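One gets this note's numbering by counting positions in the sequence shown from 1 and adding 80 to each.
Beta carbons are placed, not taken as given, at the ideal position from N, Cα and C, and that holds for glycine.
Small disclaimer: the values here were computed from a predicted structure and weren't measured.
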Amino acid sequence: MKRLLGYGSCLAGGALLALAAQPVYASATVITGVRIIPTDTGAQIVLRTESGDTPQVFAVNQGNSLRADIVRTELQLSNGEEFVEQNPVPGIASVTLVPLDGNSVRLTVNGSNRLPVGTIAESDGGGIVIDVETSASATPQASTPVPEELVTVPGPETVAQADPEEPEETPAPAEPAQSEGEPDVLVPNPQVIIDGVPIPAPQEQQIPPFLPQAVPPPVGDIAVAETNPDFGEIDLGTAERVPRLVLREAPSREVLSLLARAAGLNVVFVDAGEEEDDDEATGEGPPITLDIENESVQDVFNSVLRVTGLQANRVGRTIYVGRRLPLSAQNVTVRTLRMNQVEATVASNFLVGLGAESAISRERQVTIVDAVDISEGAPPLTQTQTVTEQRVETQRVDFQDSTPIFRGLQVIAEERTNSVTLIGSPQLVELATAQLVRLDLRRRQVAINLKVIDVDLNAIDAFGTSFSFANGDFDFASQGGVGVINFGGQAPGGSATVPPDTPFGAIGLPGGSVVNLAERFLGQILATVQEGNAKILTDPTLIVQEGQTASVQLTEEVVTDFDVDQEVDDNGNISTTIDIETEPAGLVLQIDVARIDDNGFVTLSVAPSISAPVGIETFSFTGVSNAFVTLLSERQLSSGQIRVRDGQTLVLSGIIQETDRTTVSKVPILGDLPLIGSLFRSTRRTNERLELIVMLTPQILDDSDQSSFGYSYTPSEEVQDLIDQSRDR
């Protein structure tokens, strides 16, 4: 059974009642049948429904008609696309149910001689039930607003009670009741009644309460790549098992030799050098304790190698074992990787941070100072010489509490070919290669469409104030002094909300519906451009890589300052040198794309600036006449970093320039006379208000192998014809 939510259960006339604010992408409820049941006071209209979410219902009374729009519903009747019934019960002229659009249905109840009053109920079968009353006593009731906070007074046992009513002696007009403690009001607020329903007076706005708990920002998906390191094993080539082996503090050399003989192999143990510890210098290796039962010989052999940290390499039937094997006894692989996106030095530093070793050659300037003593009491004679030295530095990280996995791997970065050479065991080289492949990712690119529009506010009556702001599903608009903020997707067609303290009911919106405010805003801008009240200064599409900056500059150089230097020679001649300083005048737009994440968000900043000449100042001095500088008026905006979803349009506005000029033309002398001087002069005042609007729409490019452009792009026949025509020219 579906649950209908709402503020009260009455469809009030002249007001609007929304049931619930559900998500925009909810599934629609299907209406399959309509049944009208006569009652003592009117009729019941039963709408049979099937699967779907809770619909929204709102109603408006117009004249003698009750019109209810049911949002997120579809009409699928067996006998046609709409339902119409004339004179179903006394007092009701007709009942119609027609689809309003693809996502809403409109129910219209026309009264015969009075306004029908409807209330919402629900049936056991899961349908929508609307009780329509046509009797003269039916009066729509307004819901009582619930205060956000309960105001109390101190007192442990004091109970607030209503004052006792005094007996009526003489009929007197009703006076507004005043609460205890409130001052007397000379002129009380009048009571507003619409369609016989008293509207409550506006309540004082309360400070919104704090959130009940801290709400973290949303978190997107994170791309995860895992690699299980494999340090390799020595394959003994046998399936022999050890039934029972117990050793205590046994030399590792003897244990490995015992296991190798069980597999039919030979062991060559490399003695440690003099720089090793005493227990390792004896050639016995680290001691080890074993308690093995029913384990394969190969697993026991590799377990001893792991816990002792010894290196081993099998060549034929001989196994070389030692703390640090010579290069000729090791299994060494050399692999060179040419990086595509990341720099070789960055890749090398990444592997060094994981435990690898690298050598880098650096050039350093060294200053050599030689001092020679000449005599006693005299300062020494110094000679300074600066030379450039080549130094090779070894990069290695020594961790305190962890063992790096790439210990024993050598990395060499070559800047000319942007390649990285790896030297080490096959297991370490393979693991390092997998890490570099994940590191060498392409930087994402985004195509940003920019529209910079200069709007003449004086020529547009609709723009009483600054333009609105819209970012994706968040919209803010101001119209006729009423501010509207919309969170979420497009509002349901024909729906609106009225706060309970609004004294004048619903606000009539043009077109009878609330559409997406951002689309209305963009359409309004385009309309002003077509009417000639605005002009598009630039409309480029820039392709910017992540972490890069792009700019658009449509300017011309103007003289804004100059520096005059005059010199007089011995003969009295004056030479004048003028240094001119120029600045660009026009449009400068800079976009910085900081990051393009894996969830389709683009973090960027935009800084538009427009400057225009507003006047010329002329100067004259000795040797120079009619020198002038241009005065510039500049409007600029720096947005800071903004996160925009792929395909959303960001509108930046509010860069307003207002110019007020007064031009006075007069007849000399006569125009300055008092009183009659106004007859000989004319005054002209011009006022200009311009607003700069920047509309930005990013589109993330897919330059992978599966994209429809790039290396795998195949032009269509029409596009190929255009390409061939351009080549023929």
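For Q490, the uninterrupted beta strand (DSSP E) run begins and ends at Q490 to E494, by DSSP. Here DSSP, grouped into helix, strand and coil, assigns L327 to strand. The Cβ neighbour count for T462, taken over all protein chains shown within 10 Å, is under 16; the residue is labelled exposed.
8 Å or more divides the Cβ of S376 from the Cβ of R418. For the options V644, E663, N651 and I671, the alpha carbon positioned closest to that of L622 is the one of I671. Spatial neighbours of I676 in its own chain (CB-CB distance under 7 Å, excluding positions within 5 residues in sequence) are listed in chain order as R524, V526, E626, V682 and I780.
The region 761-778 makes contact with the region 734-741; the number of CB pairs closer than 8 Å reaches 3 or more.
Secondary structure note for P179: it is in no alpha helix (DSSP H), and the uninterrupted beta strand (DSSP E) holding it is I172 to D181. Under the three-state reduction of DSSP, R471 is assigned to strand.
Under the 10 Å beta carbon count, L511 is surrounded by 16 or more other beta carbons and is classified as buried. Per DSSP, E334 lies in no beta strand (DSSP E) segment; the continuous alpha helix (DSSP H) that holds it begins and ends at S332 to A342.
When secondary structure is reduced to three states using DSSP, G113 falls in the strand class. Within the same chain, I111, V114, G207 and I208 come within 7 Å of L127 by CB-CB distance, once the 5 residues on both sides are set aside. The DSSP-derived three-state label of G666 is strand. Inclusion of V648 and I658 in the CB contact set at 8 Å is not warranted, their separation being larger than that value. For L511, the enclosing alpha helix (DSSP H) stretches over residues P506 to L519. Annotated three-state conformation of L127 is strand, per DSSP.
Per the C-alpha coordinates, the member of N393, T425, I454 and S441 positioned closest to L519 is T425. In terms of Cβ geometry, A687 and S719 form a close pair [threshold 8 Å]. Under the three-state reduction of DSSP, Q378 is assigned to helix. Our two residues, T698 and L712, have alpha carbons roughly 15 Å apart in a direct line. About 15 Å separates the Cβ atoms of I722 and L669, ruling out a contact at the 8 Å cut-off.
For V189, the secondary structure class from DSSP, reduced to helix, strand or coil, is strand. Judged by DSSP in its simplified three-state form, R715 adopts strand.
For S691, the closest of L345, Q633, A340 and R496 by C-alpha to C-alpha distance is Q633. Considering only R725, V724 and T763, the residue with the shortest C-alpha distance to T742 is T763.
In this structure A148 is buried. Its beta-carbon is surrounded by 16 or more other beta-carbon atoms within 10 angstroms. A straight line joining the alpha-carbon of R404 with that of G727 spans about 58 Å. Inter-segment contact for the region 182-192 and the region 161-173 is present: three or more beta-carbon pairs are separated by less than 8 Å. By the neighbour-count criterion, in which 16 or more other beta carbons inside 10 Å mark a residue as buried, D650 falls on the exposed side. Beta-bridge annotation (DSSP): F290 is not paired with any residue. One Cα belongs to L759, the other to P748, and the distance between them is close to 12 Å. Where T743 is concerned, the enclosing beta strand (DSSP E) starts and stops at L730 to K746.
Counting only the Cα atoms, S796 lies some 14 Å from Q805. In the structure shown, S482 adopts coil according to DSSP, grouped into three states. Minimum Cα-Cα distance from F642 among the listed residues Q470, V709, T398 and P331 corresponds to V709.
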